[in-house]
Structures are given as structure tokens and as C-alpha cells.
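Numbering (the working numbering), first residue to last: 3 to 285. The structure under discussion appears below in the form of C-alpha cells.
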């Protein structure tokens, strides 16, 4: 029986730099992409080993900038099992045309990378009006938008969710909330304030599974609080493999152990059904 588990945040890196030359966003290539480059073939083998059925593969901006060629071409080789999530410079006047080109080649979703492993977060571009034509096109085409930001960017995310209610917005790494204070998680209030915005979804990655083990936080008090606020139908698991260290099987096992405090139904949504709503090609 095929596994119902869907991963919405692995990355892949080509081993052919002449065909897919690195040109990282912000000029600095991420260390993980040099130390743990994982080809699409290696990802498929890791998925098979871990029991992961399908994946929405996220383009590595810190390796290839806005050239989505490797992720799009690789995912096209595994139709029904992989879809590609890419990046376009949404501040450029030709952004809608670029998005249409990539969608014609198979792109299933977009991601805005405002900072992370190689750069401090700068949320100013998120609600820059120059990006709005790209957002309007996402609404028209039914494209999901991932946003990589921290709590500093949540005011902009709130504005975008209100302006473009038809665009599903996924917060990478759960928006990186501060949880060390423990229940009732007052320091993460800016995250919980997003709950009424029904087009905002949360991506659960190794970052949050690590953070809930620190200081006063715990998986048993945090995750039920998030489900109560957002509902499991707006939460989905992403491995961040191979950016996060460890095998895909180990990363999945950690996530499954951390979410044992939830119901079977909630876990079914988080580990698969939500992902298939966000990326219908994986249904």
C-alpha cells in the first residue's frame, strides 16, 4: 500500500553544476547545500526508506536564486509523486510572466524567501505593492504561496492574507514563534493572532519540534494549543531535509513522536491530507 504521508518541505540540489550552476540569492550559498547536497534520486530513495509517499519539493533559493530549472525538471520526472515549489522575484514588473512560464513547465506553488540561513529577515518586500500583480495571479491560478519569515514579518503576512484571501499562505517553519516561555505561550501571541485568517496555513518542520523541547515548552502543551487555534486542516508537516541534519526517516520519526499528543484524525491531516489540499496534484 502506498504511504499516505506527504512532505511539503524537502530540498534537492543537482550534482551537475555545469547544467545547473549555483547562483545563490543574496550572493552567499548556504552551507547545508554544499555539505549535504541531495539529488532528486537521493530524495526518492530517502522517501522510499522513510515511508513518505509524496512531496512538494521546495526550490533552494540559497543555491539557485530564481532559477527553478532543477526542481521543476526533476519533479516532472515523478508525476503524481513530486511537485515543485519555486521562487520568482515578485518585485519585478515581469513577475507574472515569469510565474506563468514556470507554471507551464509544471510549477505547483511559489515561495517568498525573505531571509534565513544566509541573511537576516527583511519583511519589507512582502507587502510591497510591486508584488501585488504576482499575488493576483496566484489567486487566479490557484497557486499556494509559502512565506519564509519570522515574527518580524507577521504584520505584513496579516495584510497580505486580508488583501488576497483566495491565496493559501503557508508559513514556513510555523513562522518561527518564540515558545520557550511555555504554556499558555504568551510570547507566541503574534502567531495565534493569525488564526482568524482562514487562508493562513502552518508548516511544521524540525525547527519547531526542536524548540518545543527547550525550557518551559513541551510538545504536549504547544501542539494542542495550535490545533485549537488553527485546526489541523491548516497544518502540514515538512521535513526540511536535507537542510536539517539527519535522515528523512529520523526527521519523520521525531515529528510523529512529537505529535502523539494529537488525535489520529488531526495527525492524518498534518501528515498528508492538508498537503493534498494545498497541492492538488499530489491528491
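Positions of the beta carbon are idealized from the N, C-alpha and C atoms, including for glycine. What you are looking at is a predicted structure, and each value in this text was computed from that prediction instead of being measured.
Asked, Found
"Rounded separation between residue 100 and residue 90 - CA only", "7 Å"
"Of the residues 141, 25 and 44, the one placed nearest residue 12, counting alpha carbons only", "44"
"Residue 245 versus 24, 52 and 40, residue with shortest Cα-Cα distance", "40"
"Straight-line gap, residue 3 to residue 247 (C-alpha atoms, nearest Å)", "Low confidence applies here, because residue 3 scores a pLDDT of 40, under 50, leaving its location unreliable and the question unanswered by this model."
"Residue 132 and residue 93 closer than 9 Å at C-beta", "yes"
"Sequence-distant residues of the same chain with beta carbon closer than 8 Å to residue 106, five excluded per side", "none"
"Between the CA atoms of residue 235 and residue 165 - distance to the nearest angstrom", "22 Å"
"For residue 279 and residue 142, the rounded distance between their alpha carbons", "17 Å"
"Continuous alpha helix (DSSP H) assignments of at least 4 residues falling wholly in the segment 17-80", "33-37, 42-52, 63-66 and 71-78"
"Simplified DSSP state of residue 101, which is helix, strand or coil", "helix"
"Assumed close pair residue 159, residue 149 - CB separation to whole angstroms, cut-off 8 Å", "6 Å"
"Sequence-distant residues of its chain with Cβ nearer than 8 Å to residue 137 (five each side left out)", "92, 147, 162, 165, 166 and 169"
"Contiguous beta strand (DSSP E) assignments of at least 3 residues, all confined to the segment 209-252", "237-239"
"Three-state secondary structure assigned by DSSP to residue 146", "strand"
"Residue 218 versus residue 186: straight-line alpha-carbon distance, rounded", "10 Å"
"Per-residue DSSP class, three states only, for residue 197", "coil"
"Residue 242 burial status per 10 Å Cβ neighbour count (16 or more: buried)", "buried"
"Residue-level contact to chain B via CB, residue 9, 9 Å cutoff", "Judged by its chain identifiers, the structure shown contains no chain B, having just a single protein chain."
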